[in-house]
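Since the structure comes first, as structure tokens, the remarks are kept for the end.
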């Protein structure tokens with residue numbers, strides 16, 4: 001049978017399917033519900049845990065959220081540029097171990113007698129390098145972000161052990177003294193760094209054309225390409241940004257713990273949940289900087305409240321897992337679709 | 340056929356373009372010459388190469404051979420960016436818009452208004468200018484802050500067109516722009532196109548709708564099998580001539596047509612309704628009858644089929660198979676009622692990749708080969724061999740794992756699985772999507788044979804020629820209702836298309 005015979009006069013696709021009002025309502029409910037949950041948790045702790053509402057405690061919450069918060073802000077960049085499809089979208093599983101590696105670099109550098117400047121530069125370089133490896137594997141080798149960053153995560157974990165031999169490398173420096181202190185009195189500097197990083201990223205992501213384009217790249221890659229955007233560069237930049245955030249977070253972590261500490265990988269779940277949970281605070285159900293900041297504080301409040309109420313902090317892990325499931329389920333069902 | 344005047348200077352000349360995808364020739368020395376300031380139609384069946392041609396023009400793919408010249412200058416390295424610089428813009432069929440963006444953001448993505456020349460978004464200016472553009476170009480008041488994903492298809496289309504106009508295009512390519520629009524919107528689109536032509540913009544207009552081509556095009560190029568078969572004047576060329584240029588003549592050889600007489604009803608549906616999908620659907624399929632059903636995506640045709648098979652619950656109505664009522668409860672109840680369904684997504688739903696061709700073929704019909712508690716292997720083997728032969732399944736043997744077959748052959752295996760059940764009623768969902776022409780002919784012959792043996796068959800297909808060739812009767816659904824039900828012999832593809840797109844009422848009025 002020759003292939004020249006064709007038999008198609010196919011119908012075009014009618015995309016004028018009436019959109020569902022129910023989905024709109026559900027989206028609104030999810031957002032309102034999330035905010036309500038936030039307020040309810042806040043109120044519950046305020047009522048049940050003595051001292052929760054004190055200015056000192058709240059400032060502490062911000063300070064204690066700093067490390068995870070900055071990690072999650074970096075992850076947010078990747079999620080924005082990669083789109084929040086859970087499987088194929090952007091995700092950076094290497095952030096936590098990248099933090100561990102960077103902390104080891106920073107602490108080891110200081111231990112070797114380097115000044116803060118040199119140690120910071122080396123730390124930033126380490127973070128960016130990991131980001132660059134991720135960018136190359138995702139953008140140019142076309143590996144799924146989930147797998148590519150999983151591999152980078154293990155590389156980071158290995159390198160960290162090489163540097164630290166699985167011990168705590170104590171560190172101190174003038175910068176660390178400032179970071180771990182309070183300025184003005186009662187306000188942890190770590191918290192201020194978190195807010196500063198968030199403000200900076202919020203400006204870039206939400207107030208500049210570059211930020212808008214990053215959203216376009218993640219929201220509909222073909223549309224971004226059709227708009228003439230260098231899609232690969234944007235995705236690559238998001239991984240570099242995430243790597244740099246891990247480096248910043250590592251310095252905060254060293255300040256908090258007075259040295260590099262093993263087990264940084266445990267922060268991964270918290271960073272993922274924080275970045276994903278932030279989605280429910282946005283009308284468009286996309287990751288945003290304020291959303292991520294809010295969810296970082298939400299999780300910080302959970303941990304803090306549990307501590308004040310003498311509930312085992314192990315529960316927090318379970319709660320985070322449940323939150324991931326809820327958020328992913330809600331957003332994948334409710335996100336608006338084009339065509 | 341008259342040749343349109345080619346004396347006007349050419350805005351675009353695509354010559355001798357060849358493009359292969361993984362060994363399949365999508366373009367085979369295709370040509371397109373478009374005069375400056377004209378509206379140039381481009382028609383052809385699916386797979387004729389229109390989209391590939393357009394993707395080469397957009398710089399999305401590079402041609403394997405041939406040249407593209409814009410305003411007389413040959414463009415050897417066309418990239419999307421370069422195409423944009425040349426003023427070539429596209430209104431894509433799949434609207435390339437970010438669903439989570441606002442209307443204003445979608446319009447200005449890539450050329451955002453800035454504050455003080457700094458890399459700083461001017462959101463207010465963006466919203467105001469977006470609202471102005473939409474109002475002045477289309478006379479519509481779309482809220483500039485609405486999210487694209489929440490707009491109707493037609494509204495998204497307007498956003499897409501406005502976006503292209505912002506770039507002051509010299510050549511504007513419309514790829515099936517009216518597929519999702521209602522008549523009123525189509526008229527206003529044609530008004531816009533007329534205005535654009537008056538401004539000197541060259542327009543390439545791709546459409547399935549021949550009457551649209553006649554309405555707005557100055558010239559039309561017909562494509563078939565990856566090549567252009569002619570460029571003619573659409574107003575002086577009868578639609579029938581265009582169709583015969585689009586379709587190879589020997590199409591009717593593909594369809595066997597045995598004389599059949601319809602018996603008593605095997606399936607009768609009355610007043611079926613599923614909220615939000617379709618309502619008041621009544622239809623009958625008789626023994627020995629092939630009934631075709633078609634409709635655009637969203638017309639409800641697919642949902643009707645799903646209800647019949649019990650994959651979706653109807654809200655009201657009766658479904659009777661051979662006089663016995665079935666409730667549309669579940670697929671297994673439907674199968675027990677004597678139904679066989681060949682789903683469209685056969686690779687996803689219908690085939691176990693690691694099992695052999697034999698196992699996949701007989702997995703749903705093992706009862707037929709049972710001898711007591713055992714399976715009659717010899718009978719099973721001979722049935723499988725017969726189906727492999729009949730469907731021309733290319734496989735090393737009946738024990739080969741389906742995983743090792745090509746996609747088209749995997750589809751044939753799933754088809755074989757259901758055909759081997761020997762039911763009285765077959766529901767076929769796009770039975771020939773993705774299979775090659777040779778296999779199509781085999782499948783048509785098999786379907787005809789089943790009907791000849793007295794089975795009732797309901798075929799859902801978007802391929803109108805397939806329905807016209809295969810079926811005794813054709814139903815067309817539009818926006819949840821059956822809008823046409825008549826003998827296949829008394830209709831043609833244009834009529835079906837009109838009904839399916841809701842234009843039937845307008846045209847006949």
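Protein chains in written order, with our numbering: chain D, 1 to 339; chain W, 340 to 848. In this text, a Cβ means the ideal position worked out from N, Cα and C, and glycines have one as well.
Asked                                                                                                                                      : Found
Cut-off 7 Å between Cβ atoms - residues of its own chain near residue 805 of chain W, not counting five sequence neighbours on either side : 771
Beta-carbon proximity check, residue 157 of chain D vs residue 259 of chain D, cutoff 8 Å                                                  : no
Every unbroken beta strand (DSSP E) within the region 752-796 of chain W, with a cutoff of 3 residues, ordered by chain                    : 764-768
Interface residues of the region 66-98 of chain D facing chain W [CB-CB below 7 Å]                                                         : none
Under 8 Å by beta carbon: chain W residues contacting residue 188 of chain D                                                               : Result: empty, since nearest Cβ-Cβ is about 32 Å, beyond 8 Å.
Supposed contact pair residue 253 of chain D and residue 74 of chain D - C-beta distance, whole angstroms, cut 8 Å                         : About 13 Å separates the two Cβ atoms, so there is no contact after all.
Own chain, CB closer than 8 Å to residue 387 of chain W, minus 5 neighbours either side, in chain order                                    : 562, 563, 564, 565 and 585
Own chain residues within Cβ distance below 6 Å of residue 352 of chain W, not counting five before or after                               : 372 and 408
Rounded straight-line distance, which links the Cα of residue 762 of chain W to that of residue 790 of chain W                             : 11 Å
Near-chain W residues of the region 194-209 of chain D - C-beta to any C-beta below 7 Å                                                    : 207, 208 and 209
Neighbourhood of residue 76 of chain D by C-beta distance below 7 Å, restricted to the same chain and skipping five residues each side     : 275, 278, 287, 289 and 292
Per DSSP, cross-strand counterpart(s) of residue 381 of chain W                                                                            : W:545 and W:560
Segment contact, 8 Å Cβ cut-off, at least three pairs: the region 509-517 of chain W with the region 530-543 of chain W                    : yes
Contact list for residue 222 of chain D against chain W, beta-carbon separation under 7 Å                                                  : 435
Cβ of residue 838 of chain W within 8 Å of any chain D Cβ                                                                                  : no
Contacting positions in the region 420-431 of chain W - beta carbon closer than 8 Å to chain D                                             : 420, 423, 429 and 431
Secondary structure of residue 188 of chain D, DSSP reduced to three states                                                                : strand
Any 3 or more C-beta pairs closer than 8 Å across the region 220-232 of chain D and the region 94-110 of chain D                           : no
Candidates D:148, D:137, D:143 and D:105, of which the one nearest residue 127 of chain D by Cα                                            : D:105
Those residues which DSSP pairs with residue 407 of chain W across a bridge                                                                : W:353
CA nearest to the CA of residue 368 of chain W, picked from W:781, W:404, W:390 and W:424                                                  : W:404
Nearest neighbour of residue 329 of chain D, chosen from D:174, D:80, D:85 and D:37 [CA to CA]                                             : D:85
Chain D contact residues for residue 444 of chain W, given Cβ-Cβ distances below 7 Å                                                       : 212
Residue from W:493, W:581 and W:645 with nearest C-alpha to residue 548 of chain W                                                         : W:581
Short CB-CB distance (under 8 Å) between residue 366 of chain W and chain D                                                                : no
Classification of residue 696 of chain W by the beta-carbon crowding that lies within 10 angstroms, buried from 16 upward                  : buried
Contact under 8 Å by Cβ, residue 473 of chain W with residue 490 of chain W                                                                : no
Local conformation of residue 342 of chain D per DSSP, three classes                                                                       : Past the edges of chain D, shown from 1 to 339, lies residue 342 of chain D, and the structure says nothing about it.
Residue-chain proximity (residue 440 of chain W, chain D), Cβ-Cβ < 8 Å                                                                     : yes
Residue ranges of each beta strand (DSSP E) within the region 606-634 of chain W, 3 or longer                                              : 617-625 and 629-634
Rounded straight-line distance, which links the Cα of residue 483 of chain W to that of residue 588 of chain W                             : Confidence is the limiting factor: at residue 588 of chain W the pLDDT is only 49, short of 50, which leaves the residue's position unreliable, though a coordinate-based value still follows. If you take the alpha carbons of residue 588 of chain W and residue 483 of chain W, they lie about 50 Å apart.
For residue 511 of chain W: DSSP bridge partner residues                                                                                   : W:428 and W:542
Cβ pair count under 8 Å reaching 3, the region 129-137 of chain D against the region 182-189 of chain D                                    : no
Interface positions of the region 224-246 of chain D facing chain W (Cβ-Cβ less than 7 Å), listed along the chain                          : 225, 226, 227, 228 and 229
Residue 582 of chain W in three-state terms, based on DSSP                                                                                 : helix
Proximity to residue 389 of chain W [Cα-Cα], best of W:829, W:486, W:543 and W:616                                                         : W:543
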